[in-house]
Amino acid sequence: MKRLIDLFKNKFFLVTLAFVVWMIFFDRNDLFSQYQYHQQVKKLRVERDFYKAQTDQVTKELKELTTNPQQMEKFAREKYLMKKANEDVYVVVPETKEK
């Protein structure tokens, strides 16, 4: 018990303890902020991977469209409902279930 009291009377220990408490709880880069930054970085990495995959897919589709005329015709028919002069276009919309 005497040793513990002597430890708390030591000014170097008190300064070190105050510094550690300040750095953990009150500093601009405290533990809570570091955790939030870590979570934000994880979220941004997931978003980066998603957009990278989307970019790769669009690049692949663009390459196919520019090199294959049949693929370009299919794309125009499906996305923009284009047709030839002697054709009729019918759009089939699936029925949605409403509760």
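For what it's worth, our numbering labels the leading residue of the sequence shown as 59, then goes sequentially.
Every residue, glycine too, gets a C-beta built ideally from N, C-alpha and C.
Here the structure is a predicted model, which means the values were calculated and not measured.
Asked, Found
"Range of the contiguous alpha helix (DSSP H) that encloses V73", "69 to 79"
"Whether V149 touches K141 by CB criterion (7 Å)", "no"
"Cβ-based neighbour list, L123, same chain, cut-off 7 Å, excluding 5 preceding and 5 following", "Q129, M130, F133"
"Alpha-carbon spacing of K110 relative to E119, whole angstroms", "14 Å"
"Three-way DSSP call (helix, strand, coil) for Y95 in this model", "helix"
"Whole-angstrom distance between F90 and K137, CA atom to CA atom", "48 Å"
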